[in-house]
Amino acid sequence: MTSLDTFHSRSTLQVDGTSYEIYRLDAVEGLERLPYALKVLAENVLRTEDGANVTADHVRALAQWDPAAEPSTEIQFTPARVVMQDFTGVPCIVDLATMREAVAELGGDPSVINPLAPAEMVIDHSVQIDSFGLASSLERNKEREYERNSERYQFLRWGQGALSNFRVVPPGTGIVHQVNIEYLARTVFTRTVSDPQGRQVLQAYPDTCVGTDSHTTMVNGLGVLGWGVGGIEAEAAMLGQPVSMLIPRVVGFRLTGEIPAGATATDVVLTITQMLRQHGVVGKFVEFYGEGVAAVPLANRATIGNMSPEFGSTAAIFPIDEVTLDYLRLTGRDESQVRLVEEYTKAQGLWHDPAREPVYSEYLELDLSTVVPSIAGPKRPQDRIELSRAKEAFEQALPTYADAPHKPTPVTLADGTSTELDHGHVAIASITSCTNTSNPSVMVAAGLLARNAVAKGLRSKPWVKTSTAPGSQVVTDYYAKAGLWPALNELGFNVVGYGCATCIGNSGPLPAEVSQAVQDADLAVVSVLSGNRNFEGRINPDVKMNYLASPPLVIAYALAGTMDFDFATQPLGQDGEGQDVFLADIWPDPAEVQATIDATIDREMFTSDYADVFAGDERWRSLDTPEGQTFAWDEDSTYVRKAPFFEGLTMELTPVEDIEGARALAKLGDSVTTDHISPAGAIKADSPAGRYLAAHGVERKDFNSYGSRRGNHEVMIRGTFANIRLRNQLLDGVEGGYTRNFLTGEQESIFDASQAYQAAGIPLVVLGGKEYGSGSSRDWAAKGTSLLGVKAVIAESFERIHRSNLIGMGVVPLQYPAGESAESLGLDGRETFSVTGLTALNDGVTPRTVTVRADKGEGDSVEFDAVVRIDTPGEADYFRNGGILQYVLRGLASGR
């Protein structure tokens, strides 16, 4: 659609003989003062103004932005593209395939269902670390990956062929966010459009994206505005729906100084995470600025951007400058593209000027020279611990997980080694996740530390499951060129796969004898990983405590073998002459790290590794690929099943109803994450999902993970709220996916109780505390909640993505009155709930509050006004339609 161009901003930019249509920001007074990120939003609404979804008032609202005001103005943001990983991406394609059938059933053409915005998926979340510490581990794990996931991969190959504007990066290539910054990101996007005279012109505009992984924000380091959304929102964006959002507050974060020797980019990002989480940035943009920005390498910028979900911001962006251009050249982008990025951003006032301080809503500052080595844990990424007091902090945390400081437990390992396990022993040490494996400074430091350790005669402790899962094959190349693989392999840090492995819970089982000893003695063992998430129950079901650390520290902890360790005073071992070896003795010099980077990483590595990135290996190419406009569902499949969300859908809306006679499915505390809600990790044999798979003839060894079965709603419903560390306060002292079924008074699995309630026609609610739904952008946290029969979640506060996803699935998020909670109102979850006032939505009105009545029985009740967290008119439209997918489908089927 051609822009209305109320502000006459359409213009032409010439770059090296090529003419581009652009929408000039300087055509609108007031935009020049905005922070970089809001300028990107301003260009977006300027270019997409259509008088309906996007109006001139949206542009004026940005031009008149008051940095001190609370967000209140809704705009419609149209991302240039959508990026997905396969765990969250598969349900998106399942839903698109189901929507094709639903459109046909409504009398429409199924081929109208296609991504309208370019959609790219990187298959990176399915590799599991079954084999480790061997030269053959990579191939063994890849073989198992295809054995487990061939049905899903065949389905995705169908999607790549049947759906236009959809591309797939096959397994074994890299982690989505690293592939995004190294290859997929355009930084400045171009496309051919029709001008007002009907002529075809080449349009240039800022690259923007939304992604089905919360760490999509890693691309912020490249100056690309993007963030994680639920798969539900991503599907809508793919289908041409703008993302409804409030113009956010923007936190300006000034960086000064340089990282000191001994500290790493990981330490910087853990420090920033702690600072911003304490400051409070949920729902805000964070933008880095000032003289110190130029001294921050692109890889460090990406590491910081990656962790945006951990401190809670929507985005954490670095403006474009010379560092950006150098990275684009290094990673193999065409020189013509690099020139376009430079000329376009300078013409639009998007080029970073360190001497200019934009107006921000709030200000923070960090002197990088004050950063010290750090880790974070044992369960949240913002819980930073200075390495110098890591032993002390572990000892303080241990009583939460164990009833004694020590419990030495004999174990004989598979190779016949007799040893002891104890609380705090490192069961997993994994260099993994996009956060750090994209960053050569910490990866090379890890390789050099391994070399130094081996030279001193040090080895990883025998009970540690060690692994390296690089973010792209480029890492393998520069490790090989630097000669670092022999030492890494000697310590057991062989390549196990290219993907998001340990960080997503695909750590694979511990060695059987270790697992048995841990379970028998109820040991509180730990994992140490170079990831971004360490929530309870996420990494491995046998591991209670999880710590984030830089890649070199991951290796250091594998050498130490325990978290109950002080690197400053305790030696890691002895050298060949019997001399104690301390961490300081093997820590690499920053100058050598940089020299190694300069000598080993070059442009040719990137151009070679990404030359044919969509082709895949022989395994991928040899998969049988289904064809046809609609997918032929296999009723016996336990991986991919037709989605249930459109059953019985008509073009007419079903009126919104108040909630009557609801019971609480769960009463939960503060900081309940989407990891607690959404199915993730291994599937236990005695769980509802395990029983379902067994009943369908799947052997225990082939259960795979919840993430790999995200295309099967029957598995996912059964795993919702089933996290082994979930604490449902309707039960006393019970962990896991259980609740009290008030129909019988008995303890049951949450799934079984839900089925009983739904059979009886009883709606459900969930009671939550503060920061409900923090963590990853998991669409199944909302989908599963909805399919369990939950009509409302009542909490003290919500994390941004999950609140939006609940609305997208027809579940209303309600917030207790300010300062109130379930406890202060005297609610214990045993009440019968009613919610009145929701029916106002049928008249096009979104009520600010609704009345919640909780009946305790015998005439006793509690009544309060709950805030309706449907924050924008667009969200209200989705809710009235029963969800965002129903809204989109009705629009496409009617030609709207």
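Here the sequence shown stands for residues 1 to 896, numbered as in the UniProt record's numbering. Each residue gets a CB set at the ideal place from its N, CA and C atoms; glycine is no exception.
Reference residue i, options the options, closest by Cα
i	options	result
V341	E322, A355, T331	E322
V812	R848, V640, G707	R848
A560	W158, D609, T466, I601	T466
P196	R47, T435, R725	R47
A63	E70, V281, P35, P79	P35
E635	Y706, E714, A263	E714
D686	N728, G736, K667	G736
A512	A722, D66, V411	V411
S608	Q178, D871, N439, G332	G332
T12	N439, Q203, F189	Q203
T78	R191, C209, G174	C209
N704	R152, M275, A632, D542	R152
S797	W780, I807, G784, G819	G819
V442	M809, M307, G424, T264	T264
Separation of residue j from residue i, as counted between CA atoms
i	j	result
N712	A234	19 Å
V464	G447	18 Å
V90	R710	7 Å
G773	T596	42 Å
L523	F394	14 Å
V850	Y20	51 Å
residue 901	L368	Outside the shown range of the chain, which is 1 to 896, sits residue 901, and nothing can be said about it.
F833	S749	21 Å
P763	I123	37 Å
G226	G211	7 Å
L731	A782	23 Å
E699	A680	19 Å
N489	G133	7 Å
G292	P509	44 Å
G578	R459	15 Å
N165	L239	11 Å
M545	G349	47 Å
Residue span of the alpha helix (DSSP H) that contains residue i, given as start and end
i	result
Y153	137-162
V514	512-521
L892	884-893
N452	440-455
M605	603-609
N494	Careful: N494 lies outside any alpha helix (DSSP H) and carries neither H nor E.
R33	From DSSP, R33 is part of no alpha helix (DSSP H); its letter is neither H nor E.
Outcome for residue i when other beta-carbon atoms lying within 10 angstroms are tallied against a minimum of 16
i	result
Y547	buried
P381	buried
N532	buried
N842	exposed
R356	exposed
E120	buried
R621	exposed
M1	The pLDDT assigned to M1 is 49, lower than 50, so where the model puts this residue is not dependable, and the model offers no usable value.
M651	exposed
T88	buried
E653	The amino acid occupying residue 653 in the given sequence is Leu; Glu does not appear at that position. It is exposed - the Cβ of L653 has fewer than 16 other Cβ atoms within 10 Å.
D477	buried
Residue span of the beta strand (DSSP E) that contains residue i, given as start and end
i	result
I539	That residue, I539, is in no beta strand (DSSP E); it is neither H nor E in DSSP.
T273	Per DSSP, T273 belongs to no beta strand (DSSP E); it is in the alpha helix (DSSP H), 265-279.
P91	That residue, P91, is in no beta strand (DSSP E); its alpha helix (DSSP H) goes 86-105.
L364	362-367
W227	225-228
M218	Neither: M218 is in no beta strand (DSSP E) and is coded neither H nor E.
R718	Looking at the DSSP string, R718 is not in any beta strand (DSSP E); the run it does join, the alpha helix (DSSP H), is 713-719.
According to DSSP, residues forming a beta bridge with residue i
i	result
H425	T562
P813	V793
P206	V188
D589	Paired residue(s): none; D589 is not in a bridge.
R81	C209
E386	S374
W351	I320
N741	E746
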